[in-house]
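First residue of the sequence shown: 4, per the working numbering; consecutive thereafter.
What follows is a set of notes on a single structure, which appears directly below.
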Amino acid sequence: MIDPRRHAAKMRILVVDEHPLLRDGVINLINRQIDMVVCGSADNIPSVGTALTGCKPDLILLDLRLGTGDTLEFIKALKVQYP
């Protein structure tokens, strides 16, 4: 029997976390799912802009305690820029 999820569009996810070990583990876990794929990653708020140019994510998985900038304000700005 054919699994219809294998032929459906995969959810594209951008992973943002400053800890490389955690970020790589999350990426590995997501990429093992048949209906999800990591389209990009970033380690801080400034690098998210660069990651977004090559990746049109359906979901951004973002660490709320990034060491750079105010993460909650950044989320509000993202929501305005990418509704």
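All C-beta atoms in this analysis are idealised placements derived from N, C-alpha and C, irrespective of residue type, glycine included.
On a predicted model such as this, the values are computed, not experimentally measured, just so you know.
The alpha carbon of Gly57 has as its nearest neighbour, out of Val41, Leu64, Gly28, Asp20, the alpha carbon of Val41. Under the three-pair Cβ rule at 8 Å, the stretch 44-63 counts as touching the stretch 8-26. According to the DSSP assignment, Ala45 belongs to the beta strand (DSSP E) that extends over 39-45. Considering only Glu21, Ile30, Pro86, the residue with the shortest C-alpha distance to Val51 is Glu21. By a beta-carbon distance limit of 8 Å, Pro86 does not contact Ile16. Their separation comes to about 18 Å.
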